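In UniProt numbering, the protein residues as written are 1 to 215. The C-beta atom is built at its ideal place from N, Cα and C for all residues, glycine as well. As the structure is a prediction and not an experimental result, all values here were calculated from the model. Quick notes on the structure that follows.
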Amino acid sequence: MPDKPTGQLSLRDRQRAQVHADIRLAAYRLFADRGFDNVTTEQIAAAAGVSPSTFFRYTTSKEDLLLEQVRRGGEAIATLLEQRPGDEPPDVALARAIEARTGAFQERDSEQWRAAILTAPTLLEKLTLIAPEDKSRMVKLTAARMRTDPERDSRPALLVHLVLAAADFGFQQWVRTCTSDRRPLQELVSEALRGVTNPTWRPGPGRGRAKGDPR
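This is the structure we're talking about:
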């Protein structure tokens, strides 16, 4: 699920990005048409107009082509969270960071990716993987907004867990719903996030104390 291009890239970087995109989209089309297990890396390279050796300079495997953007999602969300206004409540900041990440996907290419991933059911269970270091970073950023110590207060980690789970629920709805009236990804994720944003998570009188303190 490729991101919208951002920033100014050099000509060389733009060329590399275009080759990578060509390989990725060729793979999506082949997976959707033939099924993930019935497509070889050589066929993807040929469809993208590159050699097999060039293919492996841009990606490591068929699986990586489908999961690379999702695997980088945690890092992107943490960075977006860090960039949110400092006075934004922790639950709102997390939700907005996830919505910004979701909104970065190009709709046409996202639909091609979705058609491709549905032919690889064994990979569907890997879509929720977020690296431990990315989750830890989100917890620390959230704790700072809650004005508490995440080593002594479980609420920042709990909030991150709940918000990510809600976003994943909306994402999985979008991926797995095959009816013609399927709602847009952004709408489903935002709706799920609204279910876990709550003033309970926001610092204020009686909040921000260490776990175990009387409340």
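Return the bridge partner residues of residue i from the DSSP annotation.
i, result
"Phe36", "The partner list for Phe36 (beta bridge, DSSP) is empty, contrary to what the question assumes."
Could you round the C-beta distance between residue i and residue j to whole angstroms and report it? I think they count as a contact, below 8 Å.
i, j, result
"Met138", "Leu81", "6 Å"
"Lys126", "Leu67", "6 Å"
"Pro85", "Arg202", "Not really, about 14 Å apart at Cβ, beyond 8 Å."
"Leu11", "Ala17", "Contact doesn't hold; Cβ gap of about 11 Å is too wide."
For the ligand COA, is there any heavy atom lying closer than 6 Å to the beta carbon of residue i?
i, result
"Asp37", "The ligand COA is not among the ligands present in this structure, which contains no ligands whatsoever."
What's the gap between the Cα of residue i and the Cα of residue j?
i, j, result
"Pro5", "Leu124", "Residue placement at Pro5 is poorly supported in this model, since its pLDDT is 48, which falls under 50; the coordinates are not used for a value here."
"Gln43", "Val19", "16 Å"
"Ala157", "Pro150", "7 Å"
"Val39", "Phe31", "7 Å"
"Ala21", "Asp153", "43 Å"
"Ser53", "Ala26", "16 Å"
"Ile77", "Gly103", "12 Å"
"Thr197", "Leu65", "33 Å"
"Val160", "Ser51", "43 Å"
"Gln186", "Thr79", "19 Å"
"Pro2", "Asp134", "With a pLDDT of 48 at Pro2, under the threshold of 50, the modelled position of this residue cannot be trusted, and the question is left open."
"Val175", "Arg71", "16 Å"
"Ile130", "Ala45", "29 Å"
"Gly74", "Asp109", "20 Å"
"Ala47", "Phe171", "29 Å"
"Lys211", "Pro184", "Confidence in Lys211 is poor, its pLDDT being 39 and thus under 50, which makes the residue's placement too unreliable to answer from."
"Thr41", "Lys62", "7 Å"
"Gly206", "Ala143", "Because Gly206 carries a pLDDT of 45, less than 50, the predicted location of this residue cannot be relied on, and the following value inherits that uncertainty. Straight-line Cα distance between these residues: approximately 16 Å."
Is it buried or exposed for residue i, if we count other Cβ within 10 angstroms and need 16 for buried?
i, result
"Asp13", "exposed"
"Gln83", "exposed"
"Gln112", "buried"
"Arg114", "buried"
"Thr60", "exposed"
"Gly49", "exposed"
"Thr148", "buried"
"Phe56", "exposed"
"Thr200", "exposed"
"residue 238", "Within the shown structure, residues of the chain are numbered from 1 to 215, placing residue 238 beyond reach of any answer."
Quiz item: Is the number of C-beta pairs between the region 25-40 and the region 110-123 that are closer than 8 Å three or more?
Solution: yes
Quiz item: Are there three or more Cβ pairs, one per stretch, closer than 8 Å when the region 183-195 is compared with the region 90-105?
Solution: yes
Exercise. Could you say if the region 159-166 and the region 178-186 meet the contact criterion of at least three C-beta pairs nearer than 8 Å?
Key: no
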